[in-house]
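Here's the structure we're looking at; comments come further down.
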Amino acid sequence: MVGMERVRRELRGSVIALAMVAVTTVVVYGLTQSLEVRRGSVIYLLPVLLAGWHLGLIPALVAAVAGVLWSGYFFFSPYYSFYLSRPNEILNLLLFMVVAGVTSHLANSMKQQTELAKKREKEMGNLYAFSRRLAAASSAADIYRAIEEHLASLVQRKVVLFGAAADGEAKPEQAALSQRLHGAIAELQAGRTLATTVDDGAGDIWLVRRVSQKNADFGVIAIDLGSVPPDAIEEVRKRVDDVLSDAAATLERLDVARALNDAKMRSETELLREALIGSVSHELRTPLASILGAATVLSQSPAIAQNQRLNSLASVVRDESERLNNDIQNLLDATRISREQVRPRQEWIEPQDIVNAALERRRRRLSAHHVSLDVDSNLPFIYVDPVLVEQAFGQIVDNAAKYSPPGSPITVAAKRNGRDIVLSVRDRGVGLTAQENAQIGERFFRGARHAAATSGSGLGLWIAKAFVSANGGKLEAASAGAGQGTTVSIHLPFATPANEPEVGPDE
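Sequence positions in the sequence shown follow this note's numbering and run 160 to 666.
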């Protein structure tokens, strides 16, 4: 069935490709007659590109061959013959086929990597939600319920969990299982094996596994996999193992220290959640870098740049990849801060260099605004970690661009104020209420006025505040009220030790 469906899809795509070549032939004929265009055959690249991008390799090759044959038939002597007598016609055929192969390969690669990135992002979100449920659990029953519901959502199949005997009575779905399954579950509960797969006699395969590899008392879980090939079973087993390893760790903490209060359990589970976020975020960077590279190459390709629709699609992929990359970087920075691993590497640097670096990295994001600079001359050097401070200042610039309307002005300033250097960003955007101003810089805080209209995680200014504090500075926000714009400032000391660098008049 899959093979026949693929053949039908290729045939349908080939017919569409031939139709595009036919339309192109009419267009080229009109151009040659009315405008006396001599090299109209190059226009046949357009259906080849479109077929390669949207329909696949086979339709693109069909468009390439048909384009060369039809151009030779109608526009080159001997007319009305498919005989390719000129070397340039053979060269055109080879060129068109190469373009077809490259375009279809790039399109297929981008689609696969986009799907992989979305899949991993979804898995990261699921693991994050599961960790939150574990953090809120105050009993083994809460943990078992979280495991059962999370795995059912993960595999989209029936999940039955047999917890410890003390945790509750048998459920109706447990009694409905086949005798083969009950026999396998009994073996796992007795500690004679760790995991197995069982055919229930009705054609469905079940994955049966202990919740904890170390402790059989934590129960057994049975997952209905349906009719699946062996490689799919291994993939599900790995995902289940990842979930249950976290759940088993939580159960072990409950058993070993039931007297611990809920606050300590939430603290320990929070560390687990941060580790999961950090690990999954690192795994997302590799495919995301490939997507960004492919999208950039495509958007800069002359053939794509000349096609408004294709260029728009490539720009969307690039912009969304950059946005996802920034979100992942925020997660990694949040993990570093939570683990208290922010250790500034301080050096002497000019404040203007930090401002310029932050603005240069965000040039495309700021293109919709009028950005003005107000930098004092002869500002003293400051002794900070330039990477951390630039990231903190960049977060402020990002917020200004995000929460102010397109076309509005943004003022970036660097001033000396007493013994401080003040780097500030002023926008004419949504402003802050008194309550929002009091909470700004808190972790995951987002104003209720913007949560539905603007995407975000509430981590940006929290990360900026942590990075500035690590360098001995402070972050402040000021606003005249809602709709009156916002000014966010970084105050950094510039106390002059004996080893402050000498700056000559030419510097």
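Beta carbons are placed, not taken as given, at the ideal position from N, Cα and C, and that holds for glycine.
Go to residue i, then tell me how far its beta strand (DSSP E) extends in each direction, as first and last residue.
{"i": "Ser531", "result": "His529 to Val534"}
{"i": "Val501", "result": "Here Val501 belongs to no beta strand (DSSP E), and DSSP marks it neither H nor E."}
{"i": "Pro564", "result": "From DSSP, Pro564 is part of no beta strand (DSSP E); its letter is neither H nor E."}
{"i": "Asp358", "result": "Ala354 to Asp358"}
{"i": "Ala637", "result": "Lys633 to Ala637"}
Would residue i pass as a contact of residue j if the rule is Cβ separation under 7 Å?
{"i": "Tyr542", "j": "Gln511", "result": "no"}
{"i": "Ser458", "j": "Ser474", "result": "yes"}
{"i": "Leu591", "j": "Ile649", "result": "no"}
{"i": "Leu525", "j": "Ala560", "result": "yes"}
{"i": "Gln594", "j": "Pro446", "result": "no"}
{"i": "Pro206", "j": "Ser173", "result": "no"}
{"i": "Val367", "j": "Ala381", "result": "yes"}
{"i": "Ile599", "j": "Asp492", "result": "no"}
{"i": "Gly617", "j": "Arg605", "result": "yes"}
{"i": "Ile496", "j": "Val530", "result": "no"}
{"i": "Ala517", "j": "Val556", "result": "yes"}
{"i": "Val221", "j": "Ala176", "result": "yes"}
{"i": "Leu340", "j": "Val357", "result": "yes"}
{"i": "Ile344", "j": "Val379", "result": "yes"}
{"i": "Phe540", "j": "Glu509", "result": "yes"}
{"i": "Ala311", "j": "Arg292", "result": "no"}
{"i": "Val647", "j": "Ala629", "result": "no"}
{"i": "Ile364", "j": "Leu347", "result": "no"}
{"i": "Ala453", "j": "Leu208", "result": "no"}
{"i": "Asp579", "j": "Pro652", "result": "yes"}
{"i": "Phe626", "j": "Gln550", "result": "yes"}
{"i": "Val668", "j": "Tyr562", "result": "Outside the shown range of the chain (160 to 666) lies residue 668, about which nothing can therefore be said."}
{"i": "Val456", "j": "Ile513", "result": "no"}
{"i": "Arg575", "j": "Asp535", "result": "yes"}
{"i": "Thr184", "j": "Trp229", "result": "yes"}
{"i": "Ile202", "j": "Val187", "result": "yes"}
Taking buried to mean at least 16 other C-beta atoms within 10 Å of its own C-beta, is residue i buried or exposed?
{"i": "His528", "result": "buried"}
{"i": "Leu313", "result": "buried"}
{"i": "Pro331", "result": "Reliability of the predicted coordinates at Pro331 is poor, the pLDDT of 49 falling under 50, and the value obtained from them is presented with this limitation in mind. Result: exposed."}
{"i": "Lys277", "result": "exposed"}
{"i": "His309", "result": "buried"}
{"i": "Thr645", "result": "buried"}
{"i": "Asn558", "result": "buried"}
{"i": "Ser480", "result": "buried"}
{"i": "Arg167", "result": "exposed"}
{"i": "Thr355", "result": "exposed"}
{"i": "Met754", "result": "The shown model of the chain, from 160 to 666, leaves out residue 754, and the question about it has no answer."}
{"i": "Ser386", "result": "exposed"}
{"i": "Ser263", "result": "buried"}
{"i": "Ala448", "result": "exposed"}
{"i": "Arg523", "result": "exposed"}
{"i": "Arg417", "result": "Low confidence applies to Arg417: its pLDDT is 44, below 50, so where it sits in the model is not reliable, and the reading given next is rough at best. Flag for Arg417 reads exposed."}
{"i": "Lys624", "result": "buried"}
{"i": "Asp400", "result": "exposed"}
{"i": "Gln465", "result": "exposed"}
{"i": "Val182", "result": "exposed"}
{"i": "Met163", "result": "exposed"}
{"i": "Arg489", "result": "Position check: residue 489 holds Asn in this sequence, whereas Arg was assumed. Looking at its Cβ environment, which holds 16 or more other Cβ atoms inside 10 Å, Asn489 is buried."}
{"i": "Ala639", "result": "exposed"}
{"i": "Arg165", "result": "exposed"}
{"i": "Leu170", "result": "exposed"}
For the alpha helix (DSSP H) containing residue i, name the first residue and the last one.
{"i": "Ala597", "result": "Ala593 to Gln598"}
{"i": "Asp557", "result": "Pro545 to Lys561"}
{"i": "Val207", "result": "Leu204 to His213"}
{"i": "Pro510", "result": "Pro510 to Arg520"}
{"i": "Ala629", "result": "Gly619 to Ala629"}
{"i": "Pro461", "result": "Pro461 to Ala464"}
With which residues is residue i paired in a DSSP beta bridge?
{"i": "Val319", "result": "Ala381"}
{"i": "Arg369", "result": "Val379"}
{"i": "Asp586", "result": "Ile569"}
{"i": "Lys397", "result": "Lys397 is not bridged to any residue."}
{"i": "Ser648", "result": "Ser583 and Glu635"}
{"i": "Trp507", "result": "Tyr542"}
{"i": "Lys574", "result": "Val581"}
{"i": "Ile364", "result": "Asp358 and Gly385"}
Counting only C-beta atoms, is residue i closer than 7 Å to chain C at any point?
{"i": "Lys397", "result": "Absent from the structure: chain C. Only one protein chain is present."}
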